[in-house]
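>
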Amino acid sequence: MAYASIITTAAKLLTSTACMLMLSMNASQAIQVYKSIGAHGEVKYSQHAPQNGKNIELIEFRSDGRQNNAGEMAGKTDASQSNNTQTAEEQRVAALEARIKEQEAQANAQRCQSLRNNLTNLNVGGRIYEMDADGKRQYLDGREIELKRERVQQAINQYCDSATT
């Protein structure tokens, strides 16, 4: 009976030692690097915690050089593997398209604001004029002002969002 107890104790000790050894091996495979910003704005990397750095970040790397982020799947390392991510050229084209779309939206918003300003001026009343080819003022009569008002309102209805008019 005492012999069985010794074997059980030895087995438990051996199991716990093996677990501790495996844990220490996993810990030794991860490399910790501190990333910080120095006093003059330079980015610094060190295996030792910086003393005078700003925005200190601890980064862990696996033994194969990839970053060790918990809960994140390992990245592809073989170029022959299928790649679902965009290439650099596709990313550049997508960024340019987004920039063009944003510029078009800004230009459209400016046009709409200009049309609304014109309509406000037409609705205020008073004397309204246009400049002719010679640079002289040509004052509009009531009928011409009404036609301009209708055209500007049609343009607002066509080009501006109905939510912002």
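Using the numbering used here, the letters of the sequence shown map in sequence onto residues 1 to 165. Yeah, the Cβ is synthetic: ideal placement off N, Cα and C, and Gly gets one too. The model shown is predicted, which means the values in this text are computed figures rather than measured ones.
The beta strand (DSSP E) spanning R137 covers which residue range?
Along the sequence shown, one-based indexing puts residue 137 at 137. 137-139 is the span of the beta strand (DSSP E), which, as asked, contains R137.
> Measuring straight from C-alpha to C-alpha, what distance separates I56 and G41?
Position 56 of the sequence shown, counting from 1, holds the residue named residue 56. Position 41 of the sequence shown, counting from 1, holds the residue named residue 41. When rounded, the distance between both Cα atoms is 13 Å.
> Once the 5 residues before and after Q138 are set aside, which same chain residues still bring their CB inside 7 Å of it?
Position 138 of the sequence shown, counted from the start, is the residue given in the question as residue 138. Y129, E130, D132, listed in sequence order.
> Tell me whether N108 sits in a helix, a strand or coil according to DSSP, three-state version.
Locating residue 108 in the sequence shown gives position 108, where the first residue counts as 1. N108: helix per DSSP, three-state reduction.
> Report back the beta-carbon spacing between L122 and I156 to the nearest angstrom; my notes put them in contact at under 8 Å.
In the sequence shown, residue 122 corresponds to position 122, counting from 1. In the sequence shown, residue 156 corresponds to position 156, counting from 1. So it is not a contact: roughly 12 Å between Cβ atoms.
> Which of helix, strand or coil does DSSP assign to I128?
Start at 1 with the first residue of the sequence shown, and residue 128 comes out as number 128. Correct three-state label for I128: coil.
> With C-beta atoms as the reference, is Q106 less than 9 Å away from A94?
For the purposes of this step, residue 106 is taken as residue 106 along the sequence shown, with counting starting at 1. For the purposes of this step, residue 94 is taken as residue 94 along the sequence shown, with counting starting at 1. No, these two residues do not count as a Cβ contact at 9 Å.
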